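One structure is given here, and the rest of the page talks about it.
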Amino acid sequence: MASIVDAFNEALTEDLAYVKIIAFSIPVNYVINLYMVGKTSQFELFGTIVGVLLLGLLSQGINNVRMNRREILTLNPLSYIKALGKTLLVLVPQVFVFGLIGKNLIDKVQIPIDLPHVPLIFAIIVWSIIFSIVLTSYMSFAKYLKVAQGYNFKVILESCIDVLISFLFFIPQLLLANIVLIGPVAYLFSFFNLPFTHFWFITYCSMVFIVNISILANYLAQAAYEHIRGNNEEYDENVNVNLIDDVSERVNGN
């Protein structure tokens, strides 16, 4: 079973972990400060750009874990650029197409039940299914950074519900991890009557955000191995390793 504990440990112990966390947190810090000073239009623009850039970092991170490399977040610009380009090839068309499908279903399907909140429940179900398909497609692609795997809808549709359930279990675990990371620091700032808009608190939260990217990459790689059907055998044949053993080895530094 995918373990956030292993993901958490590896996020803080991989090679040059703290150098990467500080470096990648700089654009995140910049975007947060744009929001704090009320520059909404610049925040939306640069926030979108940084979000896309971090998506490429996440994709390469998933692949690094999946292929048993020592690093999660990459400092290799060529690998990163290639991962980002392939990610956009997979996600942009699917977000557009499935987004239109979801919107049309919600707008045009009439629910024959006249009860409060039924339209809202229907919308939640529709968007949850669409999210699960797109997420599974992304995870299937990111395992090997093969665009074709992101469009293997037979495997994707067979696996998307398991992936969604795994992701829903992951969310409260990630929240708990963030409480562990941010809680003590927030308490210190509160104790000394320092605002949470303070430069150093924002800087620290920006670094925690990058730690979250690393945790997410690790967890999604584990979940992809466990839940996306039809590809585990291919991985075993090509790499011939056990993912759980690999996690233990990386954590122990072997």
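Numbering follows our numbering, with no gaps: position 73 of the sequence shown is 436. Ideal Cβ placement from N, Cα and C applies to all residues, glycine included. Fair warning: this is a prediction, and the values are worked out from it, not measured in the lab.
For residue i, which of helix, strand or coil comes out of DSSP?
i    : result
T437 : coil
H480 : coil
S388 : helix
S632 : Not covered by the structure: residue 632. The range shown for the chain is 364 to 617.
V400 : coil
V472 : coil
L508 : coil
F555 : coil
S366 : coil
N431 : coil
E589 : helix
L379 : coil
N372 : helix
Whose CA, out of the options, lies closest to the CA of residue i?
i    : options                   : result
S388 : I542, F572, N581 and Y550 : F572
V574 : S491, N541 and G462       : N541
Suppose contacts are defined by Cβ-Cβ distances below 8 Å. Is residue i in contact with residue j by that definition?
i    : j    : result
A586 : G424 : no
I576 : L420 : yes
S495 : L527 : yes
I493 : F461 : yes
I578 : I444 : no
F406 : L397 : yes
P482 : I488 : no
Inter-stretch contact (C-beta, 8 Å, three-pair minimum) for the region 493–503 and the region 531–542
no
Contact the region 396–414 vs the region 457–475: 3+ CB pairs below 8 Å
no
Pairing CB atoms from the region 429–437 with CB atoms from the region 372–382, are three or more of them under 8 Å?
yes
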